[in-house]
Every structure is written in structure tokens, then in C-alpha cells.
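Okay, so here's the structure we're looking at.
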């Protein structure tokens with residue numbers, strides 16, 4: 041079952057902090073001046089998905105090379121291949137941020153991710169829990185989170201509709217509006233694909249448990265042992281992101297934008313350093329929650345990520361001039377998502393309180 045209430049609260053707090061940090065990373069796309077999306081995303085993904093995980097793993101995992109040498113090739117392959125799938129999801133997520141904005145992208149991508157990321161390990165690794173009271177409560181919590189995401193998406197739609205370009209009625213304005221609508225629709229498609237693929241990193245954590253056990257046997261603290269899984273899975277994801285960005289930069293012949301010194305390097309470095317914090321805190325938080333932590337933690341991370349992204353989006357002016365109706369819809373979505381977090385976080389206690397296994 042679960043750890044005690046103090047561990048659950050601490051685990052939820054860590055996951056929430058990680059989501060708050062992760063939700064603000066899209067701000068970097070608003071601040072670059074010389075680079076384009078592909079330049080920033082390449083620097084961010086290489087630092088965040090490759091360099092930082094290995095640095096932290098070498099620092100925190102005892103005898104890392106020995107752990108990797110003793111690990112099963114199949115276990116490493118599973119972590120790597122799920123991380124590879126996550127890499128495609130990260131590419132689509134970056135494109136969604138570019139085309140559809142922070143609030144709408146996070147709502148769709150992380151909402152779908154919550155459902156897929158929670159139900160996948162429950163079905164694949166804890167099938168015996170699926171039809172227990174606790175399993176049914178978890179499924180109910182996921183569905184509640186999805187409802188909250190739908191409200192987020194509708195609020196984003198209303199916001200985009202009410203803040204459409206004022207020049208739509210001017211010469212050429214209808215064409216501009218049509219192009220903007222198509223741009224947003226492609227962004228929504230990218231967000232959906234991201235939501236289906238991003239949860240694969242959760243499966244890396246789930247199937248990588250034997251690697252973490254090997255690290256623990258060599259004296260690594262349990263919550264730090266997860267870093268070996270993270271390093272392998274995220275490296276696979278970085279290969280996909282770097283390759284796609286390199287393709288786009290080559291196609292546009294814009295490698296020269298890396299040459300002049302600019303503050304964009306600091307933005308990319310900052311995103312790269314902060315990016316790993318979300319998954320690091322998520323990993324520790326799921327460990328603190330206890331059994332089924334990877335099932336419950338991911339939708340919680342997703343729900344808080346949506347709240348964080350919309351908060352940062354509001355601070356950066358994404359909701360300026362949208363009116364009361366979209367903001368009211370988003371407030372309802374926030375309430376639903378917080379309720380979903382409660383249901384997921386305390387599903388074990390709720391099942392016990394109702395007298396069911």
C-alpha cells in the first residue's frame with residue numbers, strides 16, 4: 041500500500057514544485073531575440089536531456105559504471121526505447137508551444153499524458169489492482185483530470201477567439217486570421233501527439249526498477265537510485281530532439297545564428313538547468329508516495345503542470361484582454377484539477393476508509 045500521510049504530503053509537495061518549475065519553461069520561447077525555436081530547443085534538449093542527467097547520476101549513484109555493467113541488457117533497452125518515444129513527444133510538445141501557446145498546449149498535452157501515463161503502468165505492471173476499489177478510484181481520478189483538461193482546452197479556445205487580431209476585417213486581415221487558425225490547429229495536433237508519447241518516460245521509470253535496485257545494492261539512497269534510469273531514458277530522448285532541430289536548422293540554413301554572442305545562450309542554459317528539476321522532483325516524489333507512486337504521480341505532475349503553465353501564461357500576458365468568461369472557465373478547470381489531485385493522492389486512504397481492499 042502507501043506510506044504514511046507525512047510521506048504522501050511530502051511526495052505531493054515535491055511533485056507540485058517540479059510541475060511549477062516545468063510549467064514555466066515555455067517562457068524561454070517568448071524571450072529569445074536572435075535564435076529561432078529550433079536553436080533554443082536544441083540547446084535546451086541537449087543540456088536538459090543529456091548532460092544534466094549524466095552529471096547528476098555520476099554524482100549521486102555509487103559505482104555507476106558497475107551498475108550499468110551488471111544490469112540486464114533487456115532492462116537497459118526497455119528504458120532506452122521508452123525514452124526514445126518520449127523524445128518524439130518532447131519534439132511535438134515544443135512545436136505545440138510554438139504554435140498554440142503555453143496554456144492550451146500544456147492543457148492538451150499534459151492532460152492526455154496524465155491519462156496515458158497513469159493507466160499504462162497500472163494496466164501493464166499492477167493489473168491485479170485494476171478492479172480493486174483503489175484501482176477504480178485511481179481511474180476515477182484520471183477521468184476527473186481529463187474533465188479538467190477539457191475545461192482548460194475550452195477556456196483556451198475562448199481566449200483565442202476573443203483575442204483574435206483586430207485587423208481581421210482589414211485588407212488581408214482574413215488571410216492572416218485563417219493562417220493563425222491553421223497554425224493553432226497544427227499546434228493542437230502536435231499537443232495531442234505529445235500527450236500520447238510523453239508518458240513513455242513514466243514507463244521508463246516503471247520498467248527500469250531493476251536498475252534502481254542494483255544502484256541501491258551498491259549503497260545508493262533509494263530516491264537517488266532513480267537517476268540511473270533517468271540518465272538512460274532522457275539521453276534517448278535528447279537524440280531525437282537534437283536530430284530534429286539539426287534537420288530544421290540545416291534546411292533553413294540558419295546555423296550562423298549560433299555564432300554571434302547573445303543573451304539567448306543564457307536563456308537556453310537556464311532552461312537546460314531547470315528542465316531536469318521537474319523529473320528529478322517527480323522521481324523522488326513518487327518514491328515518497330510509495331506503492332503505485334508511478335501510477336498516481338504522473339497525473340498529479342500533469343495537473344499541476346497545467347496550472348503552472350496557465351499561471352506563467354497569464355503573467356506573460358497570454359490571457360490579457362480575454363475577458364471574464366475564459367478566466368471563469370479556467371477557474372473551474374483549476375478546481376476540478378485540484379480535486380483530481382486529491383483523489384489520486386489519497387486513493388489508498390479513500391479505499392481503506394470505504395472498507396474495501
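Numbering (this note's numbering), first residue to last: 41 to 397.
The beta-carbon is built from N, C-alpha and C at its ideal position, and this holds for glycine as well.
- Stretch pair the region 256 to 276 + the region 56 to 72: three plus CB contacts closer than 8 Å: no
- Three CB pairs or more closer than 8 Å across the region 133 to 142 and the region 286 to 296: no
- Message: Between which residues of its own chain and residue 264 is the CB-CB distance below 7 Å, once the five residues before and five after are set aside?
- Response: Hits under 7 Å: 100 and 101.
- Message: My output table needs one value for residue 342: the three-state DSSP class, helix, strand or coil.
- Response: Looking at residue 342 - three-state DSSP - the assignment turns out to be helix.
- Message: Can you check which of these residues, 175, 46, 315 and 231, is closest to residue 134 by C-alpha distance?
- Response: It is 231.
- Are at least three pairs of beta-carbons, each pair with one atom in the region 61 to 80 and one in the region 367 to 378, less than 8 Å apart? no
- Query: Would you call the region 113 to 124 and the region 185 to 197 touching, i.e. three or more CB-CB distances under 8 Å?
  - Reply: no
- Query: By Cβ distance, which residues of its chain are closer than 6 Å to residue 240, with the 5 residues on each side in sequence left out?
  - Reply: Excluding positions up to five away in sequence, the list reads 122, 125 and 126.
- Look at residue 380 and residue 238 and say whether their C-beta atoms are less than 8 Å apart. no
- Could you tell me which of 46, 52, 67 and 375 sits nearest to residue 314, measuring between CA atoms? Of the candidates 46, 52, 67 and 375, the one whose C-alpha sits nearest the C-alpha of residue 314 is 67.
- Task: Could you say which of 119, 180 and 188 lies nearest to residue 371 if we only look at CA atoms?
- Result: 188
- Query: Is the Cβ-Cβ distance between residue 349 and residue 146 less than 8 Å?
  - Reply: yes
- Message: How far does the alpha helix (DSSP H) with residue 243 in it extend, from its first residue to its last?
- Response: 240 to 247
- Item | Which of helix, strand or coil DSSP assigns to residue 179 | helix
- CA-CA distance, residue 206 and residue 354? Note that residue 206 scores 46 on pLDDT, short of 50, meaning its location in the model is unreliable; the coordinates nonetheless yield the value given after this. C-alpha separation (whole angstroms): 20 Å.
- Message: Tell me the rounded alpha-carbon separation between residue 302 and residue 312.
- Response: 16 Å
- Task: Might you give, ordered along the chain, the residues of its own chain that have their beta carbon closer than 6 Å to the beta carbon of residue 94, omitting 5 neighbours on each side?
- Result: Cβ within range, chain order: 271.
- Buried versus exposed call for residue 252 [16 or more other C-beta atoms within 10 Å across all chains shown]: buried
- Task: Confirm, please, whether the CB-CB distance from residue 120 to residue 273 is below 8 Å.
- Result: Yes, the pair counts as a contact, with Cβ atoms nearer than the cut-off.
- Message: I believe residue 56 touches residue 317 by the beta-carbon criterion, under 8 Å. Please report the beta-carbon distance rounded to the nearest angstrom.
- Response: That pair is no contact at about 12 Å.
- May I have the straight-line CA-CA distance separating residue 280 from residue 176, to the nearest angstrom? Residue 280 and residue 176 have their C-alpha atoms spaced approximately 36 Å apart.
- Task: Hey, could you find the ends of the alpha helix (DSSP H) residue 128 is sitting in?
- Result: 113 to 140
- Option nearest residue 69 by Cα separation, candidates 321, 183, 307 and 92: The residue with the shortest Cα to Cα distance from residue 69 is 307.
- Query: Below 8 Å between beta carbons: does that hold for residue 254 and residue 87?
  - Reply: no
- Item | Close-in-space but distant-in-sequence residues of the same chain around residue 54 (CB under 6 Å, 5 per side omitted) | 321, 324 and 325
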